[in-house]
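Down below is the structure, laid out as structure tokens.
Numbering (the working numbering), first residue to last: 520 to 678.
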């Protein structure tokens, strides 16, 4: 009464994936200097707040809110991208993980200098990736994305 189920036990083929992680030093340096910038600005705003008239308090609170808001959104900059051969893409940041497909990316723009951010225009939002251009792992990721969807427009990106 036993059935031959060897076909059920065979490993399924999983498309090959390529991973790029931004240099740790670059990511840490960015957040360190950005954090120092925020702390220095907030310190000056508190000093000004203590010496100011009540009429100037609202603009100071508004600037403080903008600084905190900037830091919150900076934590969504991706430091890791994983791309599978079938076009699936996963971007990982400190705050969230974005899963998308190559077909959902309309445009990718590289930095003007060798180290910077790659901007990706996704279907509903823009995503940014810390990047050191010219690294072999990043080149494989970019080539895989372009192969999965040749219609993606690349600007300032050479792979």
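All C-beta atoms in this analysis are idealised placements derived from N, C-alpha and C, irrespective of residue type, glycine included.
Backbone CA spacing between residue i and residue j [nearest angstrom]
{"i": "residue 504", "j": "residue 609", "result": "The structure shown does not extend to residue 504, since the chain is modelled only from 520 through 678, so no value can be given for it."}
{"i": "residue 591", "j": "residue 546", "result": "15 Å"}
{"i": "residue 635", "j": "residue 653", "result": "12 Å"}
{"i": "residue 572", "j": "residue 559", "result": "21 Å"}
{"i": "residue 595", "j": "residue 611", "result": "8 Å"}
{"i": "residue 535", "j": "residue 639", "result": "22 Å"}
{"i": "residue 575", "j": "residue 643", "result": "37 Å"}
{"i": "residue 662", "j": "residue 604", "result": "10 Å"}
{"i": "residue 577", "j": "residue 618", "result": "39 Å"}
Own chain, CB closer than 6 Å to residue i, minus 5 neighbours either side, in chain order
{"i": "residue 656", "result": "539"}
{"i": "residue 557", "result": "586, 590"}
{"i": "residue 666", "result": "none"}
{"i": "residue 549", "result": "none"}
Outcome for residue i when other beta-carbon atoms lying within 10 angstroms are tallied against a minimum of 16
{"i": "residue 597", "result": "buried"}
{"i": "residue 671", "result": "buried"}
{"i": "residue 589", "result": "exposed"}
{"i": "residue 602", "result": "buried"}
{"i": "residue 529", "result": "Its pLDDT being 41, under 50, residue 529 is placed unreliably by the model, and the measurement read from it follows with that caveat. By the 10 Å Cβ count, residue 529 comes out exposed."}
Check whether residue i and residue j have beta carbons under 8 Å apart
{"i": "residue 674", "j": "residue 622", "result": "no"}
{"i": "residue 641", "j": "residue 624", "result": "yes"}
{"i": "residue 543", "j": "residue 600", "result": "no"}
{"i": "residue 613", "j": "residue 583", "result": "no"}
{"i": "residue 606", "j": "residue 676", "result": "no"}
{"i": "residue 541", "j": "residue 651", "result": "yes"}
{"i": "residue 586", "j": "residue 561", "result": "yes"}
{"i": "residue 683", "j": "residue 648", "result": "Because the chain in this structure spans residues 520 to 678, residue 683 falls outside the shown range and cannot be described."}
{"i": "residue 658", "j": "residue 678", "result": "yes"}
{"i": "residue 552", "j": "residue 593", "result": "no"}
Sequence-distant residues of its chain with Cβ nearer than 8 Å to residue i (five each side left out)
{"i": "residue 579", "result": "564, 567, 568, 571"}
{"i": "residue 645", "result": "638, 639"}
Neighbourhood of residue i by C-beta distance below 7 Å, restricted to the same chain and skipping five residues each side
{"i": "residue 620", "result": "606, 607, 608"}
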